[in-house]
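Everything on this sheet refers to the single structure shown next.
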Amino acid sequence: MRFPMHGKGKLCIVALCLGCLCVWHTVLANNDIRIGNAWINEAPPGVNMMGGYFIISNHTSHTLVLTGATSPCFENIEFHATEIKDGVSAMRRQESISIPAGSEFSFAPGHYHLMLINKTRMLAAGDSVPLTLNFAQGEPLQVMAEVRRGASPPHQHH
Numbered sequence: 006m007r008f009p010m011h012g013k014g015k016l017c018i019v020a021l022c023l024g025c026l027c028v029w030h031t032v033l034a035n036n037d038i039r040i041g042n043a044w045i046n047e048a049p050p051g052v053n054m055m056g057g058y059f060i061i062s063n064h065t066s067h068t069l070v071l072t073g074a075t076s077p078c079f080e081n082i083e084f085h086a087t088e089i090k091d092g093v094s095a096m097r098r099q100e101s102i103s104i105p106a107g108s109e110f111s112f113a114p115g116h117y118h119l120m121l122i123n124k125t126r127m128l129a130a131g132d133s134v135p136l137t138l139n140f141a142q143g144e145p146l147q148v149m150a151e152v153r154r155g156a157s158p159p160h161q162h163h
């Protein structure tokens with residue numbers, strides 16, 4: 006059976022196909038970016054800053070640029086790198102993180118980490134914290150991070 010198509014009918018089918026392709030591409034892209042071992046170190050009482058860690062695997066064919074992160078549990082999130090200069094540990098804010106195609110990047114204690122600033126509620130070991138990772142290209146990625154007790158050295162302020 007054939008259905009004659011004219012003007013608007015053809016346009017609707019093309020738009021529908023393009024819409025399906027865009028949804029498929031978004032799903033494929035998110036499957037090509039994997040987050041593992043997402044966790045946050047529990048802060049001592051009265052401390053409003055916490056460190057966040059995870060491993061991001063880039064299974065795409067292009068470099069990913071992580072540009073930011075948000076969470077309803079914190080007022081602000083920054084990327085920081087720990088550096089040792091003249092025997093003194095210091096942290097330096099990073100505007101973005103590049104993850105080359107086919108590689109992994111670790112946010113780990115004493116290295117790169119999320120600086121989770123001004124928690125909006127009490128968080129204790131065992132709690133789950135939603136994080137949204139934002140990229141220069143593509144859709145944001147939702148991640149759940151577990152709060153863990155005593156998992157890394159105490160955080161030094163800078």
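Going from the sequence shown to the numbering used here is simple: count from 1 and add 5.
We put the beta carbon where it would ideally sit given N, CA and C, even for glycine.
Secondary structure of residue i, DSSP reduced to three states
i   : result
N46 : strand
N53 : coil
V28 : Only weak support is given to the placement of V28: the predicted model assigns it a pLDDT of 34, under 50, and the question is left unresolved by the model.
Backbone CA spacing between residue i and residue j [nearest angstrom]
i    : j    : result
L33  : M54  : For L33, the predicted model reports a pLDDT of 37, less than 50, meaning its position is unreliable and no value from the coordinates is stated.
I45  : N81  : 15 Å
R126 : G143 : 30 Å
Y58  : K90  : 23 Å
R153 : A130 : 5 Å
K124 : M149 : 16 Å
N42  : R98  : 22 Å
N139 : S94  : 28 Å
S103 : G51  : 34 Å
L71  : L146 : 10 Å
I40  : P49  : 26 Å
E100 : G92  : 25 Å
T68  : L119 : 20 Å
I38  : A141 : 14 Å
H30  : G155 : Model confidence at H30 stands at a pLDDT of 34, short of 50, so the residue's coordinates are unreliable and nothing is read from them.
L128 : E83  : 19 Å
V28  : P77  : Confidence at V28 is low in this model, with a pLDDT of 34, below 50, so the placement of that residue should be treated as unreliable; the coordinate-derived value is given next. Approximately 26 Å between the Cα atoms of the pair.
Selected residue, minimal CA-CA separation from residue i, among the options
i    : options                 : result
E88  : E100, G115 and T65      : G115
P135 : T65, E151 and S111      : E151
F79  : K90, I122, A43 and I40  : I122
T65  : A74, E109 and S101      : E109
Q56  : G92, F112, H67 and A106 : The residue you asked about is not Gln; residue 56 is Gly in the sequence shown. The residue with the shortest Cα to Cα distance from G56 is F112.
D132 : I38, E47 and I40        : E47
I60  : Y117, G155 and L128     : Y117
Beta-bridge pairing of residue i - partner residues as DSSP gives them
i    : result
S111 : I60
N81  : I122
L138 : A74 and L146
G41  : I60
S133 : E151
A86  : R97 and Y117
L69  : I104
Inter-residue CB distance, residue i and residue j (contact presumed, cutoff 8 Å)
i    : j    : result
A106 : N36  : Contact doesn't hold; Cβ gap of about 15 Å is too wide.
A74  : T137 : 7 Å
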